[in-house]
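Engineer: Handing you this structure, nothing more for now.
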Amino acid sequence: MKLATWNVNSLKVRLEQVLDWFEQQSVDVLALQETKMTDDQFPVESFVSAGYHVSFTGQKTYNGVAIISRTPLSDVEIAIPGYDDPQRRVIAASVAGIRLINLYVPNGAAVGTDKYDYKLTWLSHVQKYVANQLKLYPQLAVVGDFNIAPEDLDVHDPVAWEGAVLVSPAERTEFQSLLNLGLVDSFRSFFPAVQDYSWWDYRAASFRRNLGMRIDHILLSQPLMAVCTDMLIDKQPRQHERPSDHAPVMVNIDTPRAMSK
DNA sequence: ATGGTGGTCTTACCA
Numbered sequence: 060m061k062l063a064t065w066n067v068n069s070l071k072v073r074l075e076q077v078l079d080w081f082e083q084q085s086v087d088v089l090a091l092q093e094t095k096m097t098d099d100q101f102p103v104e105s106f107v108s109a110g111y112h113v114s115f116t117g118q119k120t121y122n123g124v125a126i127i128s129r130t131p132l133s134d135v136e137i138a139i140p141g142y143d144d145p146q147r148r149v150i151a152a153s154v155a156g157i158r159l160i161n162l163y164v165p166n167g168a169a170v171g172t173d174k175y176d177y178k179l180t181w182l183s184h185v186q187k188y189v190a191n192q193l194k195l196y197p198q199l200a201v202v203g204d205f206n207i208a209p210e211d212l213d214v215h216d217p218v219a220w221e222g223a224v225l226v227s228p229a230e231r232t233e234f235q236s237l238l239n240l241g242l243v244d245s246f247r248s249f250f251p252a253v254q255d256y257s258w259w260d261y262r263a264a265s266f267r268r269n270l271g272m273r274i275d276h277i278l279l280s281q282p283l284m285a286v287c288t289d290m291l292i293d294k295q296p297r298q299h300e301r302p303s304d305h306a307p308v309m310v311n312i313d314t315p316r317a318m319s320k
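The first sequence begins at 60 in the working numbering and counts up one residue at a time.
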């Protein structure tokens, strides 16, 4: 079962790229972030006519998350229960034998700002939610745009970025706390010393110069990590004309259900 | 080439 996550920075602009990549890579389940559209604008028909199942929650102009799947989605949650957040940043579902939580973590703007405080508050709610979900669903994947580079190895210039948003100690502590609940950073597990990025700023020719960061992640519970056979950050779509600023990230999971298919 | 892009009911704001 191929599970992927991709911040598409407007699904309206990137719809054809998403459909093409999904088929090309034979993805089974894809978590999208930054769809940037209200639910009535969501291109349901484009996915349904291709034979996929979709669940989504969005808003005007900003944020928005969705799950695309070849098999049906059940027990969909479009927010963290008990956390009244107007920003559409979380969607969870059971699919293909796993529980999937798709996150678009707030960017945080800059350390010390209201947006940064919101990011940390938001992450504390995610913390509780993931802890609860993990008790209910041992086969848990937490994926998305975390807007956190976990270690200096995940940053092209850690000296220039020291202490800044995306790498600040408080954000990294939140990330580590998520792992401590019983999740594994699948990329780092496969590649302990590899420097690879999932996001490059549109400005300053960052992609061409490979000035990136690894901020998009697939965290797997231990039972899922045990059957995870492959991990890839696919930089090909970032080379596309009119690309998202993020690359899709993908794992292969050998679940019994996937093997019986 | 020490630079600046891209998305959004745009002329400001977000990333």
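C-beta: ideal position from N, C-alpha, C; glycine also.
Note that the structure is a prediction, hence the values are computed from the model and not measured.
What is the C-beta distance between L237 and L278, in whole angstroms, given that I count them as a contact (C-beta under 8 angstroms)?
Structural biologist: Right, the Cβ-Cβ distance comes to about 7 angstroms (below 8 angstroms), so this counts as a contact.
Engineer: Nearest-angstrom Cα distance between G271 and D293?
Structural biologist: Distance between the alpha carbons of G271 and D293: 14 angstroms.
Engineer: Less than 9 angstroms between the C-beta atoms of H184 and Y121, yes or no?
Structural biologist: For H184 and Y121, no; Cβs fall outside 9 angstroms.
Engineer: Is there contact between the stretch 155-164 and the stretch 198-208, where contact requires at least three CB pairs shorter than 8 angstroms?
Structural biologist: Flag = yes, the stretch 155-164 and the stretch 198-208 touch.
Engineer: Secondary structure at L162, three-state DSSP: helix, strand or coil?
Structural biologist: Residue state, collapsed to three classes: strand.
Engineer: Considering only their Cβ atoms, is the gap separating V218 from L62 smaller than 9 angstroms?
Structural biologist: It is not a contact, given that the beta carbons lie outside the stated cut-off.
Engineer: Thinking I126 and I150 are a contact (beta carbons under 8 angstroms), I'd like their distance in whole angstroms, please.
Structural biologist: About 6 angstroms separates the two Cβ atoms, so the contact holds.
Engineer: By DSSP's criteria, N68 is part of a beta bridge. Which residues make up the other side?
Structural biologist: Beta-bridge pairing links N68 to no other residue.
Engineer: Go ahead and label G222 buried or exposed: buried means 16 or more other beta carbons lie within 10 angstroms of its beta carbon, across all protein chains shown.
Structural biologist: With fewer than 16 other Cβ atoms within 10 Å, it is exposed.
Engineer: Tell me whether the beta-carbon of V135 lies closer than 9 angstroms to the beta-carbon of I160.
Structural biologist: Cβ distance not < 9 angstroms, so V135 and I160 don't count as in contact.
Engineer: What do you get for Y261, buried or exposed, if any count of 16 or more other CB atoms within 10 angstroms of its CB means buried?
Structural biologist: The residue in question, Y261, is exposed, as its Cβ has fewer than 16 Cβ neighbours within 10 Å.
Engineer: Is T288 helix, strand or coil when you go by DSSP?
Structural biologist: The answer is strand: DSSP assigns T288 an E or B state.
Engineer: Give the list of continuous alpha helix (DSSP H) stretches no shorter than 4 residues that lie fully inside the stretch 210-254.
Structural biologist: Counting whole runs of 4 or more residues, the stretch 210-254 contains the alpha helix (DSSP H) stretches 217-220, 228-239 and 245-249.
Engineer: F250 and M284 - do their beta-carbons sit closer together than 9 angstroms?
Structural biologist: In this structure, F250 does not lie closer than 9 angstroms to M284 by Cβ.
Engineer: For N66, does the count of other Cβ atoms within 10 angstroms reach 16, so buried, or fall short, so exposed?
Structural biologist: Buried.
Engineer: Please name the residue in V214, D176, T288 and F246 whose C-alpha comes closest to that of W258.
Structural biologist: That would be V214, whose Cα lies nearest to the Cα of W258.
Engineer: Can you look up S257 in the DSSP assignment and give me helix, strand or coil?
Structural biologist: DSSP places S257 in coil when its eight states are reduced to three.
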